[in-house]
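Enquirer:
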Amino acid sequence: MHRRRRTLLLLTLLNLLEIAGAFVLGRPFVVALSVTSVLLLAYVVHLRNRALVERRRRRAEARYLRWVAQHQAAVRREQARRAAQRRELLERQLAAREEERRALTEFRPTSRRAANE
1 MHRRRRTLLL LTLLNLLEIA GAFVLGRPFV VALSVTSVLL LAYVVHLRNR
51 ALVERRRRRA EARYLRWVAQ HQAAVRREQA RRAAQRRELL ERQLAAREEE
101 RRALTEFRPT SRRAANE
């Protein structure tokens with residue numbers, strides 16, 4: 001990043017020096033000014049293309065991260081749904097066992113003497 005900024009700054013300064021030289025010394029600096037202007041323009045186009053590629057890459061990465069987050073949320077929802085089903089099933093099983101236990105204790109004699117009579 002800093003290297004690109006430094007290069008852009010140097011090309012801009014070189015262009016400004018060429019403009020000053022063209023005003024002071026004339027024709028030879030005009031030719032050099034055209035060359036450095038083309039270099040500056042080409043570098044700016046290059047930087048712009050890099051920025052566009054980087055923006056596309058960041059957008060694609062953000063899109064992927066959103067997809068992953070949505071997928072993980074769906075997985076978590078499914079896991080929570082299954083856990084709720086398991087809890088409900090266990091509660092029903094425990095209620096059925098408790099009901100069986102109560103039914104058995106109601107019909108069972110409370111003492112041996114009552115069973116012998």
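Under UniProt numbering, the first residue of the sequence shown is numbered 1, with each subsequent residue one higher.
Don't be surprised by glycine CBs; every beta carbon is placed ideally from N, CA and C.
1) Pick helix, strand or coil for Gly-21, following the three-state DSSP scheme.
2) Determine, using beta carbons only, whether Ala-42 comes closer than 8 Å to chain D.
3) Check each candidate in Phe-107, Leu-40, Gly-21 and Pro-28 and name the one with the smallest Cα separation from Leu-10.
4) Is the beta carbon of Leu-14 closer than 8 Å to that of Thr-36?
5) Assuming Arg-4 contacts Leu-47 (C-beta within less than 8 Å), just tell me the rounded distance between them.
6) Please state whether the Cβ-Cβ distance between Leu-8 and Ala-22 is less than 8 Å.
7) Are there 16 or more other CB atoms within 10 angstroms of the CB of Glu-61, so buried, or fewer, so exposed?
Expert: Working from what's here:
1) Reduced to three states, the DSSP call for Gly-21 is helix.
2) The structure shown contains no chain D; it is built from a single protein chain.
3) Cα-wise, what sits closest to Leu-10 is Leu-40.
4) The answer is yes: Cβ separation under 8 Å.
5) Contact flag correct, Cβ pair sits at about 6 Å.
6) Leu-8 places its beta carbon 8 Å or farther from that of Ala-22.
7) So Glu-61 ends up on the exposed side.
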